[in-house]
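Residue numbers (full-length UniProt numbering): 1 to 270.
We treat Cβ as the ideally placed atom computed from N, Cα and C, and that holds for glycine.
If you're wondering where the values come from, they're calculated on a predicted model, not measured in any experiment.
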């Protein structure tokens, strides 16, 4: 097996029973170019370009793909793009945040949660979604304590429409609370920001799953000359046994190949 692929480096996603590649493909750039926090502008790729990117990811051993209703047209594009490949992908989507007319709005009610998951199933052309995360607005504990979203996701899991659920939050308290009843927390963890490390620690000791967002600080990581910021970022992530996978949202094939090669090297040198 080439050292530049991740095929033999898949690992458990907590106790969900799913095996995922240590690098996941984020797809916000397939559907949304407004209100996104990247250092450089970009053009949403056409279908042929997107199809080639997905094929490259799969050929390099990536089986985890991350999307959301808040990512514009991402879900509805992925449905046709992944047609005939459903068993080859672990699909993560979200509930709670909608993006329309350049604005985000949030709804964590039971009715909207169910509607959102049913709509994602339809857009993604699938009978089940592997993992659905709550897209927090930052009020993590209020969402978990006062809203019906988590209870509804548990019902949808019992119905077989989703295989696992969790929380993409912004606070340590929210992440810890979310893992008590859920399967997964998505946390920010990178060279610039390590506030949520306690959530990863908890997950590692309780058999829960951690996905890392902003692993490369959304492209903002800068280090001293001569230090590869991508390698340094992945070294930080994967030295922690609680991290299952890092979601990186690139549409540049060269960046994707470099990320894969770097993760493979880091994991094989551990």
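Below 8 Å, how does it come out for the segment 159-178 and the segment 132-149: are there three or more Cβ pairs, yes or no? These segments touch.
Can you look up residue 2 in the DSSP assignment and give me helix, strand or coil? Reliability fails at residue 2, whose pLDDT of 48 lies under 50, so the model's placement of it is uncertain and the value that follows must be treated cautiously. Looking at residue 2 - three-state DSSP - the assignment turns out to be coil, as it is neither helix nor strand.
Cutoff 8 Å: residue 137 Cβ touching any chain D Cβ: No chain D appears in this structure, which consists of one protein chain only.
Short check: CB of residue 26 to CB of residue 162, under 8 Å? Against a cut-off of 8 Å, the Cβ pair of residue 162 and residue 26 comes out as no contact.
Same chain only: Cβ atoms within 8 Å of residue 241, ignoring 5 sequence neighbours per side: Only 204 meet the Cβ criterion.
Cβ contact (3+ pairs, closer than 8 Å) linking the segment 118-133 and the segment 98-107: No, because fewer than three Cβ pairs between the segment 118-133 and the segment 98-107 fall closer than 8 Å, the two stretches do not touch.
Where does residue 175 sit, in a helix, a strand or coil, going by DSSP? The answer is helix: DSSP assigns residue 175 an H, G or I state.
Within its chain, find whatever has a CB closer than 7 Å to the CB of residue 57; leave out the 5 residues flanking it on each side and keep chain order. Hits under 7 Å: 25 and 256.
Starting from the N-terminal side, write out each stretch of the beta strand (DSSP E) that is 3 residues or longer and does not extend beyond the segment 205-263. You should have 209-213 and 245-248.
Identity of the residue in 217, 259 and 185 nearest residue 13 by Cα: For the residues 217, 259 and 185, the minimum Cα distance to residue 13 belongs to 185.
Under the rule that 16 or more other beta-carbon atoms within 10 Å means buried, what is residue 130, buried or exposed? It counts as buried.
Taking the straight line between their C-alpha atoms, what separation do you get for residue 152 and residue 145? Each residue's alpha carbon lies about 13 Å from the other.
Any 3 or more C-beta pairs closer than 8 Å across the segment 35-55 and the segment 77-85: Output reads yes: the segment 77-85 touches the segment 35-55.
With a threshold of 7 Å (Cβ to nearest heavy atom), would residue 244 be considered close to the ligand SAH? Of the ligands one can find in the structure shown there are none, so the ligand SAH has no counterpart to examine.
Local conformation of residue 36 per DSSP, three classes: DSSP places residue 36 in coil when its eight states are reduced to three.
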